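Novice: Would you mind keeping the following structure in view while I ask a few things?
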Amino acid sequence: FAEELKPIQRIVLAAIFTISIAAHASLLPIAVLFVVAAVILRQMNCTPRALPSTRSVLVWLLVPIIASGLGTAALNRRMGLGFKLSPSRNSFLLARLFGDGLAADYLRKNCPKEDFISCEYLSELPQTQEDFLFEHPLYLELKGHDDEMEKIVRGTILAYPVRFIASSAKE
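Residue numbers for the sequence shown follow this note's numbering, beginning at 1 and rising by one.
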């Protein structure tokens, strides 16, 4: 987004950005954080060279993000999954939390006071992401119980924020 870029070069970069974000839903929050960082840097003027105007940054960054989000949601709707960015919701994040051992720690600590389906598998919880998604019977048991998956994901992240950030950085 340097000032020396021609309009066609900016359009090509915006198109690449849009396709990149649409390629995988996990890139959407990263892109949003990037926009926030660019705007903050612009407001603080912390960069060695001046950034373009805030309005220009927002247009060139937010438009591709919004376009890719709408495109992804529309594609999911066409596939019968509903107008959603990620029809699997918390499945992949929960799989990662099991792979990192965080979800298992959370369940061991909270099963005595929660009535989770997952608590039935406390002695044999999934050890890896692949195990949870493709081999372990727990994933099939949790299908249709998005509220439990969301509660476990949210509870795990809130219970172990530093470990979650460290494992995310490692991933």
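Yeah, the Cβ is synthetic: ideal placement off N, Cα and C, and Gly gets one too. Model, not experiment: these values are computed from the prediction.
Is S123 buried or exposed, if buried means 16 or more other CB atoms sit within 10 Å of its CB?
Specialist: exposed
Novice: What do you get for S68, buried or exposed, if any count of 16 or more other CB atoms within 10 angstroms of its CB means buried?
Specialist: buried
Novice: If you run the structure through DSSP and keep just helix, strand and coil, what is C119?
Specialist: helix
Novice: Mind the definition here: the region 125 to 134 touches the region 92 to 109 only if three or more C-beta pairs lie below 8 Å; say whether that holds.
Specialist: Contact between the region 125 to 134 and the region 92 to 109 is present: three or more C-beta pairs spanning the two stretches fall below 8 Å.
Novice: Could you tell me whether the Cβ atoms of A22 and G71 are closer together than 7 Å?
Specialist: yes
Novice: Compute the distance between the beta-carbons of F98 and F134, then report whether it is under 7 Å.
Specialist: no
Novice: Three-state secondary structure (DSSP) at F83?
Specialist: coil
Novice: Taking the alpha helix (DSSP H) that G155 falls in, what are its first and last residues?
Specialist: For G155, the enclosing alpha helix (DSSP H) stretches over residues 146 to 159.
Novice: Give me the Cα-Cα distance between H24 and L94, rounded to the nearest whole angstrom.
Specialist: Rounded to the nearest angstrom, the gap between the Cα atoms of H24 and L94 is 17 Å.
Novice: Around the C-beta of R96, are 16 or more other C-beta atoms found within 10 angstroms, so that it is buried, or is it exposed?
Specialist: Around the beta carbon of R96, 16 or more other beta carbons sit within 10 angstroms, so the residue counts as buried.
Novice: For F83 and T18, I'd like the C-alpha separation in whole angstroms.
Specialist: When rounded, the distance between both Cα atoms is 18 Å.
Novice: Grab the span of the alpha helix (DSSP H) containing D100 for me, first residue to last.
Specialist: Taken as a continuous stretch (DSSP letters only), the alpha helix (DSSP H) holding D100 covers 91 to 100.
Novice: CA-CA distance, P48 and V35?
Specialist: Unreliable positioning characterises P48 in this predicted model, as indicated by a pLDDT of 46, which lies under 50. A coordinate reading is not provided.
Novice: Measuring alpha carbon to alpha carbon, tell me which residue in I152, H136, N90 is nearest K109.
Specialist: I152
Novice: By Cβ distance below 7 Å, which residues in the same chain neighbour Y139 in space, the five residues on each side in sequence not counted?
Specialist: F132, L133
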